[in-house]
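Have a look at the structure below, then the notes.
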Amino acid sequence: AQKITQTQPGMFVQEKEAVTLDCTYDTSDPSYGLFWYKQPSSGEMIFLIYQGSYDQQNATEGRYSLNFQKARKSANLVISASQLGDSAMYFCAMREGPGNEKLTFGTGTRLTIIP
Amino acid sequence: ETGVTQTPRHLVMGMTNKKSLKCEQHLGHNAMYWYKQSAKKPLELMFVYSLEERVENNSVPSRFSPECPNSSHLFLHLHTLQPEDSALYLCASSQGTGTSGAYTYEQYFGPGTRLTVT
């Protein structure tokens, strides 16, 4: 079974609108961390935001926020007031518990911002 | 230089060649990683080093040989590769690794080496 599922292969959004990128995950470990990365066409993976499984509040970093719904095993990324520079691939990833080196990535969503 | 750097950015090699990829991190981190990113596939973890000691080898073929001489440098030595090894190879570093209990630490990535095996 897929550990991380991103169901939107591509999205087109008008500039200045908000956008939600979906991510669901599968784990039986009570301790885990969820990450979102952005990969522009240059190839570099840029860390955006982190949510821990025990965090009580949704994570926020500037225009990025994470809509964490633990019971539904969902960790959607919300980008407010989208900009042209937000066009990129976005990856959701998970690390399960201490002692596990593996950061498991989803297949990504290609976001295109339309002027 | 800041962050994580990788050289070369592009590499074309024949199946009988030997080449090396280099990664350097300027963040003072103690863990480094190699990932493989193939088209239309999720990023795959290859190797993890913590304090210059290899802590994970994710079932990678022996034609890929990592080396970590110190906490700032990581190499991936390549020999007798196959065309299916063509991919983007990404290096990353983090403040800690899962084995140290630091599973919350984010990883910082380099720009990658685009490898083509002919």
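As given, the protein sequences belong to chains A and B, one line each in that order.
Sequential numbering of the first sequence, starting at 1, is according to this note's numbering.
Sequential numbering of the second sequence, starting at 1001, is according to this note's numbering.
Beta carbons: idealized from backbone N, C-alpha and C, even for Gly.
CA-to-CA distance, residue j to residue i, given in whole angstroms
{"i": "A/A75", "j": "A/W36", "result": "9 Å"}
{"i": "B/S1062", "j": "A/V78", "result": "41 Å"}
{"i": "B/K1019", "j": "B/W1034", "result": "16 Å"}
{"i": "B/C1068", "j": "B/L1051", "result": "9 Å"}
{"i": "B/H1026", "j": "B/P1008", "result": "17 Å"}
{"i": "B/N1017", "j": "B/Q1082", "result": "11 Å"}
{"i": "B/N1058", "j": "B/P1042", "result": "14 Å"}
{"i": "B/S1038", "j": "B/N1030", "result": "27 Å"}
{"i": "A/T27", "j": "A/G106", "result": "14 Å"}
{"i": "B/G1096", "j": "B/Y1105", "result": "6 Å"}
{"i": "A/S42", "j": "B/E1044", "result": "19 Å"}
{"i": "B/T1080", "j": "A/T5", "result": "34 Å"}
{"i": "A/G97", "j": "A/P30", "result": "8 Å"}
{"i": "A/G102", "j": "A/V13", "result": "Note that residue 102 of chain A is Lys in the sequence shown, not Gly. For A/K102 and A/V13, the distance between alpha carbons rounds to 32 Å."}
{"i": "A/Q69", "j": "A/E44", "result": "29 Å"}
{"i": "B/G1110", "j": "B/Y1089", "result": "9 Å"}
{"i": "A/L111", "j": "A/S82", "result": "10 Å"}
{"i": "A/T24", "j": "B/C1091", "result": "26 Å"}
{"i": "A/A18", "j": "B/E1056", "result": "39 Å"}
{"i": "A/T20", "j": "A/T7", "result": "12 Å"}
Residue span of the beta strand (DSSP E) that contains residue i, given as start and end
{"i": "A/R110", "result": "T109 to I114"}
{"i": "B/C1091", "result": "A1087 to S1094"}
{"i": "B/K1019", "result": "K1018 to Q1025"}
{"i": "A/C23", "result": "Segment: none, A/C23 is in no beta strand (DSSP E) and carries neither H nor E."}
{"i": "B/K1036", "result": "A1031 to Q1037"}
{"i": "A/T125", "result": "Chain A is shown only over 1 to 115; residue 125 of chain A falls outside these bounds and no answer can be derived."}
{"i": "B/C1065", "result": "Note on identity: in this sequence residue 1065 of chain B is Ser, with Cys being the wrong assignment. Taken as a continuous stretch (DSSP letters only), the beta strand (DSSP E) holding B/S1065 covers F1064 to N1070."}
{"i": "B/L1119", "result": "Within the shown structure, residues of chain B are numbered from 1001 to 1118, placing residue 1119 of chain B beyond reach of any answer."}
{"i": "B/L1011", "result": "H1010 to M1013"}
{"i": "B/E1106", "result": "First-last for B/E1106: undefined, no H or E at that position."}
{"i": "A/A93", "result": "A88 to E96"}
{"i": "B/N1057", "result": "E1053 to N1057"}
{"i": "B/Q1006", "result": "V1004 to T1007"}
{"i": "B/V1132", "result": "The displayed coordinates of chain B run from 1001 to 1118. Any statement about residue 1132 of chain B would go beyond what the structure contains."}
{"i": "B/L1076", "result": "H1073 to H1079"}
Supposed contact pair residue j and residue i - C-beta distance, whole angstroms, cut 8 Å
{"i": "A/Q39", "j": "A/A93", "result": "In fact, because the Cβ distance is near 11 Å, the residues do not count as touching under 8 Å."}
{"i": "B/T1113", "j": "B/V1012", "result": "With 8 Å as the limit, B/T1113 and B/V1012 do not qualify as a contact, their Cβ atoms being about 11 Å apart."}
{"i": "B/S1065", "j": "B/H1077", "result": "4 Å"}
{"i": "A/I46", "j": "A/A59", "result": "Not quite, the Cβ-Cβ distance comes to about 16 Å (not below 8 Å), so this is no contact."}
{"i": "A/P115", "j": "A/L66", "result": "27 Å between Cβ atoms; not a contact."}
Any non-hydrogen atom of the ligand MG within 7 Å of residue i CB
{"i": "A/G62", "result": "Here there are no bound small molecules, and the ligand MG is not part of this structure."}
Inset, instruction - Quick one: which residues of the stretch 49 to 71 of chain A get their C-beta closer than 7 Å to a C-beta of chain B? List them in chain order. - result: Result list: Y50 and G52.
Inset, instruction - Determine which residues of the stretch 23 to 45 of chain A have a Cβ less than 9 Å from any Cβ of chain B, and write them out in chain order. - result: Residues of the stretch 23 to 45 of chain A with a C-beta less than 9 Å from any C-beta of chain B: S31, Y32, G33, F35, Y37, Q39, S42, G43, E44 and M45, listed in chain order.
Legend entry - Contact list for the stretch 102 to 113 of chain A against chain B, Cβ threshold 7 Å: K102, L103, F105, G106 and T107
Inset, instruction - Jot down the residue ranges of each uninterrupted beta strand (DSSP E) in the stretch 3 to 76 of chain A, minimum 3 residues, whole runs only, in chain order. - result: For the stretch 3 to 76 of chain A, whole beta strand (DSSP E) runs of length 3 or above, ordered along the chain, are 10 to 14, 19 to 21, 32 to 39, 46 to 52 and 64 to 69.
Legend entry - chain A contacts from the stretch 1103 to 1115 of chain B (Cβ-Cβ distance under 8 Å): From the stretch 1103 to 1115 of chain B, only Y1103, T1104, E1106, Q1107, Y1108, F1109, G1110, P1111, G1112 and R1114 have a Cβ closer than 8 Å to chain A.
Legend entry - Near-chain A residues of the stretch 1071 to 1090 of chain B - C-beta to any C-beta below 9 Å: L1088 and L1090
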